[in-house]
Amino acid sequence: MSNKNFIINIIDKDSDSQTIHTRFPPEPNGYLHIGHAKSIYLNFEIAEKYNNATCNLRFDDTNPSTEQQEFVDQIILDIEWLGYSISNRTMFASDYFEQMYKYALQLIKQGLAYVDDQSASDVRKTRGTLTSSGVESRFRNRSIDENLDLFQKMKDGLYKDGEKVLRAKIDMSSPNLNLRDPVMYRIMHANHHRTKDAWCIYPMYDWAHGIEDSIEGISHSLCSLEFEDHRPLYDWFLNQLKIHHPKQIEFGRLNLTHTLMSKRKLAKLVYDKVVDGWDDPRMPTISGLRRRGYTPDSIKAFLNDIGVTKHDGFIDYSLLEFFVREDLNKISLRVMGVLDPLEIEIVNYPEGESEWLTAENNPEDKSQGERKIPFSKHLYIERSDFMEDAPKKYFRLSLNNEVRLKHAYYIVCKKVIKYKNGQIAKLLCEYDPSTKGGWSNDGRKVKGTLHWVSKADAIDANINLYDHLFEIENPDSSEGDFLDHISKNSKKTISNCKLEPSLKAAKLDQKFQFIRLGYFCLDSKNNKGLTFNRTISLRDSWAKKNKGSK
RNA sequence: UGGGGGAUCGUUCAAUGGUAGGACACAUGGUUUUGGUCCAUGGGAUCGGGGUUCGACUCCCUGUCCCCCAGCCA
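With the first letter of the first sequence counted as 1, position 463 gets the number 462 in numbering that gives the first Met the number 0; the numbers rise by one all the way through.
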């Protein structure tokens, strides 16, 4: 992490007197998204920055009703993909259940916790409101012995779900609602993905989290802004228990335009099949971004740039796009593919013959070498690269106009052949054999350069074109159902695209730039036929310029 | 209307009493065998009102606006 932020400033000071130890504590109830990546980046980079510092991955698996092993596995995979090693630093809150139980006993003995028989709705009703204080439970002043006995029976499974809870005895008139006798344990006869049926009481977040941090010797417990008014409770529990007391610091979570970070809503997109799964390339999940073709480096560069503050900001999606383009421009192999093919015939090129031309793989990185591409009489170009009557500023192919075929020859369009309905069927062109490689030294000005593919050698592929999932900037806070704002154009699949033959050997981890079109990668799911995903288009100042004039 | 936080170019992050700066976005030019990349240039901000000070984004007072909190979720 190259940038300073207010948390680093605090830790810099604290690091003089203590060993720094952070943690990333996801609940395994869904896939990780880029907002989690911000926290991962912060916590793990801090750990790498200080000598002997470490960062734990800790699953906050205290609610078996929503958690699953599948999510544990995916979270580990995503964190490792981002480049952080956690094989010997993976912890589970459920491993501390016994210790938490003992601490609860201690609190009861200190007269600071009690078993409450009230129903959930009674607890709610007696909590009071933002402006009025709550009412103490009539079970609040049970004896320590009775509380011990009742809590034992809760643990032993003598009660049904919801019949009793263990509450901390703090202050029912506190202006901070979190301090109005918060629930520490609830009864849930549920099968936990790790502890199975060993427990039927499960600790609540506020009770569990500080203990988890304390047990692991965490020095700085970094979390998001909404936990600010939980901090007094975090501190209260640790103070009463008199155990190691980490410092909780809150920062603003990531908000990105045109998408969502709410795990609940992302899950709805998955379960309602609005998208094709948690790893749908339109999802802001780590797995979605990976399948879309984003690299760990690009995501980290983005996270480094946006910084960490207490301000609840909204990052423009174009910033993320800038960082993928920047990375992909450096590493991707240049290739040629035609998405919307228009056939052209080079009339003065011999039928049945072909030649292999040399093409560089990456002008940004000569070490990536060269490859050969076949040229022949029958080619495809992009349909949008030809206009019969072109405006002055259009410097692609038009009738009697000369353009360059990238890495090949100059050609001139001589004749347009149309179907009866007026659609262009084929172009007849002439090439200049003396311009092999796409260059002449006679000073000819050829402004346009087109990508192309040899018809006989082309391979067919499907291509997924993606756009923002939501058409409005902030679907999360909009009126009505967030699903109403799903963009109809977020995914477009085109088939029968024509690609240069070298792409037959494409590997899953390779990044490609289809020249003049954008960055693409192989889709990681099984598809019918070869399928590429467009990660992001190239910047297009021509399209931008024309948008206003339409 | 109780409590906890936050307000700096369109967006985001800096400046910790001393020239308000960077990135993205936007605009304009140049280079270019990708209308990409790269390079150059430009417009553009301290929430309002008082005060302290030689000097205030920074400190004080006051007002305004925004976010979070009434799960046996995390």
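Note that the Cβ used here is the ideal one computed from N, Cα and C, for glycine as well.
Within this structure, are the beta carbons of T65 and A46 separated by less than 8 Å? On the first sequence, position 66 is the one that residue 65 refers to. On the first sequence, position 47 is the one that residue 46 refers to. No, they are not a contact pair.
Identity of the residues DSSP links to I314 by a beta bridge: Looking up residue 314 in the first sequence gives position 315. Beta-bridge pairing links I314 to L255.
Closest Cα partner of P245 within the set T258, S213, M260, W235: Against the first sequence, residue 245 aligns to sequence position 246. When only C-alpha atoms are compared, the closest one is S213.
Output the residue ranges of the beta strand (DSSP E) runs that lie fully inside the stretch 137-163 and measure 3 residues or longer, sorted by chain position. none
CB-CB under 8 Å to F313, same chain, minus the five flanking residues each way: which ones, in chain order? The residue given as residue 313 occupies position 314 in the first sequence. Closer than 8 Å at the Cβ level, and outside the excluded window around F313, lie N254, L255, T256, E472, N473.
Please state if the CB of L516 and the CB of T284 are separated by a distance shorter than 8 Å. Taking the first sequence and counting its residues from 1, one reaches residue 284 at position 285. Taking the first sequence and counting its residues from 1, one reaches residue 516 at position 517. Their beta carbons are not under 8 Å apart, which means T284 does not touch L516 by this criterion.
CB-CB length for T357 against D326, believed under 8 Å: Along the first sequence, read from residue 1 onward, the residue named residue 357 stands at position 358. Along the first sequence, read from residue 1 onward, the residue named residue 326 stands at position 327. In fact, because the Cβ distance is near 27 Å, the residues do not count as touching under 8 Å.
Buried or exposed for L468, please, with buried defined as at least 16 other CB atoms from any protein chain shown within 10 angstroms of its CB. Here residue 468 is taken as the residue at index 469 of the first sequence, counted from 1. Label assigned to L468: buried.
Looking at C-alpha atoms only, which residue of S501, P63, M183 is the closest neighbour of Y233? Position 234 of the first sequence holds residue 233. Checking every option, the nearest Cα to that of Y233 belongs to M183.
Does the separation of the CB atoms of L341 and I462 fall below 8 Å? Looking up residue 341 in the first sequence gives position 342. Looking up residue 462 in the first sequence gives position 463. Not in contact: L341 and I462 (Cβ atoms no closer than 8 Å).
Who are the Cβ neighbours of P181 in its own chain at under 8 Å, not counting the five residues just before and after it? To locate residue 181, count along the first sequence from 1; it is residue 182. Once the five neighbours on either side are set aside, the close Cβ partners of P181 are R166, A167, I169, M203, D205, W206, L232.
Which partner residues does H191 have in the DSSP bridge list? Within the first sequence, residue 191 is the residue found at index 192, counting from 1. Paired residue(s): K195.
Name the DSSP beta bridge partners of S223, please? On the first sequence, position 224 is the one that residue 223 refers to. In DSSP, S223 forms a bridge with F250.
Below 8 Å on the Cβ atoms is my guess for M335 versus F513; work out the distance and round it to an integer in Å. Taking the first sequence and counting its residues from 1, one reaches residue 335 at position 336. Taking the first sequence and counting its residues from 1, one reaches residue 513 at position 514. M335 to F513, Cβ: 7 Å. Contact.
Taking Q73 as the reference, give the member of F23, P27, H219, D339 with the closest Cα. Numbered from 1 along the first sequence, position 74 holds the residue referred to as residue 73. Taking only the C-alpha atoms, the option nearest Q73 is P27.
What separation, rounded to the nearest whole angstrom, lies between the Cα atoms of L76 and R289? What you label residue 76 is simply residue 77 of the first sequence in a count that begins at 1. What you label residue 289 is simply residue 290 of the first sequence in a count that begins at 1. For L76 and R289, the distance between alpha carbons rounds to 11 Å.
Confirm, please, whether the CB-CB distance from N400 to V415 is below 8 Å. Locating residue 415 in the first sequence gives position 416, where the first residue counts as 1. Locating residue 400 in the first sequence gives position 401, where the first residue counts as 1. Contact flag unset, no.
Helix, strand or coil at S218 according to DSSP, with G and I counted as helix: One-based indexing of the first sequence puts residue 218 at position 219. Looking at S218 - three-state DSSP - the assignment turns out to be coil, as it is neither helix nor strand.
6 Å CB neighbourhood of G447 in its chain, flanking five on each side removed: Looking up residue 447 in the first sequence gives position 448. If we look at G447 and ignore the five residues flanking it on each side, its Cβ neighbours are F394, R395, V402.
Taking Cβ positions, are P500 and D456 nearer each other than 8 Å? As a position in the first sequence, residue 500 is number 501, starting the count at 1. As a position in the first sequence, residue 456 is number 457, starting the count at 1. Yes, they are a contact pair.
I'd like the list of long-range same chain contacts for D94, defined as Cβ closer than 7 Å, with 5 residues on each side in sequence excluded. Reading the first sequence from its first residue, position 95 is the one you call residue 94. Around D94: no qualifying Cβ.
Relative to the alpha-carbon of Y49, which residue among T18, L507, I85, Y316 has its alpha-carbon at the smallest distance? Here residue 49 refers to the residue found at position 50 of the first sequence. When only C-alpha atoms are compared, the closest one is T18.
N- and C-terminal bounds of the beta strand (DSSP E) containing M557: Residue 557 falls outside the range modelled here, since the chain spans only 0 to 549, and no answer is possible.
For S118 and H310, I'd like the C-alpha separation in whole angstroms. One-based indexing of the first sequence puts residue 118 at position 119. One-based indexing of the first sequence puts residue 310 at position 311. Their Cα atoms are separated by approximately 38 Å.
Local Cβ density within 10 Å of T258, reported as buried at 16 or more and exposed below that: Reading the first sequence from its first residue, position 259 is the one you call residue 258. It is buried - the Cβ of T258 has at least 16 other Cβ atoms within 10 Å.
Which residue comes first and which comes last in the beta strand (DSSP E) that contains I550? Since the first and last residues shown for the chain are 0 and 549, residue 550 lies out of range.
Nonlocal neighbours in the same chain, by C-beta distance under 7 Å from I78, ignoring five residues either side: Taking the first residue of the first sequence as 1, we reach residue 78 at position 79. These residues qualify, in order along the chain: I39, L56, I85.
Could you tell me whether the Cβ atoms of V114 and M153 are closer together than 8 Å? Here residue 114 refers to the residue found at position 115 of the first sequence. Here residue 153 refers to the residue found at position 154 of the first sequence. Cβ atoms of V114 and M153: closer than 8 Å.
Evaluate K549 with the Cβ neighbour count: other Cβ atoms within 10 Å of its Cβ, from every protein chain shown; 16 or more gives buried, anything less gives exposed. Position 550 of the first sequence, counted from the first residue, corresponds to residue 549. Reliability of the predicted coordinates at K549 is poor, the pLDDT of 39 falling under 50, and the value obtained from them is presented with this limitation in mind. With fewer than 16 other Cβ atoms within 10 Å, it is exposed.
Taking the Cβ atom as the reference point for each residue, do Y348 and K371 lie within a distance shorter than 8 Å? The sequence position of residue 348 within the first sequence is 349, counting from 1. The sequence position of residue 371 within the first sequence is 372, counting from 1. Their beta carbons are not under 8 Å apart, which means Y348 does not touch K371 by this criterion.
With a CB to CB cut of under 7 Å and the five nearest residues on each side skipped, what residues in its chain are close to R281? As a first step, residue 281 is located in the first sequence; it is residue number 282 there, counting from the start. Only V274, G287, Y465, L468, S489, K490 meet the Cβ criterion.
Taking 8 Å as the limit between beta carbons, can you name the residues of its chain near F70, skipping five residues before and five after? The residue labelled residue 70 in the question sits at position 71 within the first sequence. Closer than 8 Å at Cβ, skipping near neighbours: P27, N28, G29, Y30.
Quick check on K549: does DSSP put it in helix, strand or coil? In the first sequence, residue 549 corresponds to position 550, counting from 1. Unreliable positioning characterises K549 in this predicted model, as indicated by a pLDDT of 39, which lies under 50. A coordinate reading is not provided.
Separation of E249 from F321, as counted between CA atoms: Against the first sequence, residue 321 aligns to sequence position 322. Against the first sequence, residue 249 aligns to sequence position 250. F321 and E249: Cα-Cα distance of roughly 28 Å.
I'd like the list of long-range same chain contacts for I345, defined as Cβ closer than 6 Å, with 5 residues on each side in sequence excluded. By 1-based counting over the first sequence, the position of residue 345 is 346. Answer for I345: K376, C428, Y430, listed in chain order.
Once you ignore the five residues that flank G110 on each side, which residues in its own chain have a CB closer than 8 Å to its CB? By 1-based counting over the first sequence, the position of residue 110 is 111. I143, K168, listed in sequence order.
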